[in-house]
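Under the working numbering, think of the first position of the sequence shown as 360, with each following residue one higher.
All C-beta atoms in this analysis are idealised placements derived from N, C-alpha and C, irrespective of residue type, glycine included.
A quick note: this is a predicted structure, and the numbers were derived from the prediction, not measured.
All remarks here apply to the structure that follows.
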Amino acid sequence: ALARRMLYHRATFHALSPLEATDIARLLPDRPVYCAPQGPGPAGAEARPPEARIDAGPVRLLFVGRLAVGEKGLDLLLAALAQARQHSARALMLTVVGPDRDGGLAALRSQCVQLGLAGTVVFTGSRTAAEVATLYADHDVYIQLSRNEGFGMSVAEALLAGLPAVLSRCIGAAAWPAVAGCAQVRVVPPDADAAAEALVRMVNDLPRLRILAISAHAGLRAFFDWKRVAGLHLARYAELVTAAKAPAPTALTRMTTGALG
Numbered sequence: 360a361l362a363r364r365m366l367y368h369r370a371t372f373h374a375l376s377p378l379e380a381t382d383i384a385r386l387l388p389d390r391p392v393y394c395a396p397q398g399p400g401p402a403g404a405e406a407r408p409p410e411a412r413i414d415a416g417p418v419r420l421l422f423v424g425r426l427a428v429g430e431k432g433l434d435l436l437l438a439a440l441a442q443a444r445q446h447s448a449r450a451l452m453l454t455v456v457g458p459d460r461d462g463g464l465a466a467l468r469s470q471c472v473q474l475g476l477a478g479t480v481v482f483t484g485s486r487t488a489a490e491v492a493t494l495y496a497d498h499d500v501y502i503q504l505s506r507n508e509g510f511g512m513s514v515a516e517a518l519l520a521g522l523p524a525v526l527s528r529c530i531g532a533a534a535w536p537a538v539a540g541c542a543q544v545r546v547v548p549p550d551a552d553a554a555a556e557a558l559v560r561m562v563n564d565l566p567r568l569r570i571l572a573i574s575a576h577a578g579l580r581a582f583f584d585w586k587r588v589a590g591l592h593l594a595r596y597a598e599l600v601t602a603a604k605a606p607a608p609t610a611l612t613r614m615t616t617g618a619l620g
C-alpha cells in the first residue's frame, strides 16, 4: 500500500515476459510496462554447443531448480512421468537437480514410492555451474511444469544446450514467441495428463526434434543474449531520461496547443 501511494504512480515497470506484463497491467492499468527477457544463468556460460546425439538406452529427462514442489510443479512432473512410462516406447529416467526447499525433497521421495518410480528418479542436490552444464549435455529432454515462474533461467540454459523441452505455459520464458514458436518446444498447461501426452509424443519424435533444436540454436542464442537484453533496458532508460529533461509545458504553451488542436 505504501509503494502504491508513494512510488507506483511514477514508475515504469519492467516485465520479464508478456505473461508478467499482463499481470502488471491487471494490477496497475495506468502504468507503462515494457518487456525484456533474461539470459541464461551461470551454467549457460559453461554449456557446450548442441550436437547430434546417438539414441541409446533410456530417454534421460532433466529438471533444474529449487525443490519448491508447489511453485515448480514437481508433483505434476512426477505424476506425468509415471503416466508417460506406461505409454512410451522407450524407458524414461528423470534427474532432478537443485537444493531442497521447505521439505520438498522428502515429499518428492515419498511420491516416487507411491507412483512406483523407485530407481527411475535421481535427486542430485545442488551442483556447480560446470556440473549443471555437463548434465544438460548428458540428457535428452528438459521438462519443467511450474505453476508460477517469473522467467526460468534454467529453461534458457537447457534450450541453449540444444535440449527439446516440455514447458508449462505458466513459465515466463515459454510466453515469448521466440521460445513457444520453436518446433522442439511443447508448451502445455500445468497438468500431469497434458504433460505426459506431450512427453510421449516428444520421445517418439526425439531424433527429428534434436535436429530442429540444433537448427534453432543460433536464433535462441541471439534472443537470450545478455548484451541484447542490456541494450533493451538502456534504450528504455534513455527514453525516460529524455522525457524527464523535456521542459514542462507552460500555461501559455498549453493554451496555444489547445487552440491549434
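Cα atoms of Glu516 and Gly403: separation of roughly 5 Å, rounded to the nearest angstrom. Secondary structure in the segment 373-451: the beta strand (DSSP E) runs of 3 residues or longer, each lying completely within the stretch, are 392-394 and 418-423 in chain order. Pairing Ala537 with Leu526 gives a Cβ-Cβ distance that is not under 7 Å. In this structure, DSSP gives Asp497 a helical state, which the three-state scheme calls helix. Glu379 counts as buried, since at least 16 other C-beta atoms from the protein chains shown sit within 10 angstroms of its C-beta.
Secondary structure remark: continuous beta strand (DSSP E) runs of at least 3 residues inside the segment 507-586, in chain order: 524-527 and 544-547.
At least 7 Å separates the beta-carbon of Ser505 from that of Cys471.
With a cutoff of 7 Å on beta-carbon distance, Leu420 and Ile502 are scored as near each other. DSSP places Gly484 in the uninterrupted beta strand (DSSP E) bounded by Val480 to Gly484.
By the criterion of at least three beta-carbon pairs nearer than 8 Å, the segment 476-490 is not in contact with the segment 372-386.
Only exposed fits Trp585, as fewer than 16 other CB atoms lie within 10 angstroms of its CB. Going by beta carbons, Val600 and Val418 fall outside the 7 Å limit.
Nearest to Gln442 by alpha-carbon distance, out of Arg580, Ala554 and Leu565, is Ala554.
As DSSP reads the structure, Leu474 sits in no beta bridge. Across the set Ala551, Pro523 and Arg560, the C-alpha of Pro523 shows the shortest separation from the C-alpha of Ala572. Residue range Leu361 to Met365 is occupied by the alpha helix (DSSP H) that includes Leu361. Here the alpha carbons of Ala603 and Gly511 stand approximately 33 Å from one another. The shortest C-alpha to C-alpha distance from Arg460 to any of Gly429, Asp389 and Met452 is the one to Gly429.
The residue among Asp382, Tyr393, Ala465 and Ala581 with its C-alpha nearest the C-alpha of Arg595 is Tyr393. Closest option to Gly540, judged by alpha-carbon separation, among Leu565, Leu435 and Phe582: Phe582. Spatial neighbours of Asp434 in its own chain (CB-CB distance under 7 Å, excluding positions within 5 residues in sequence) are listed in chain order as Val428 and Gln470.
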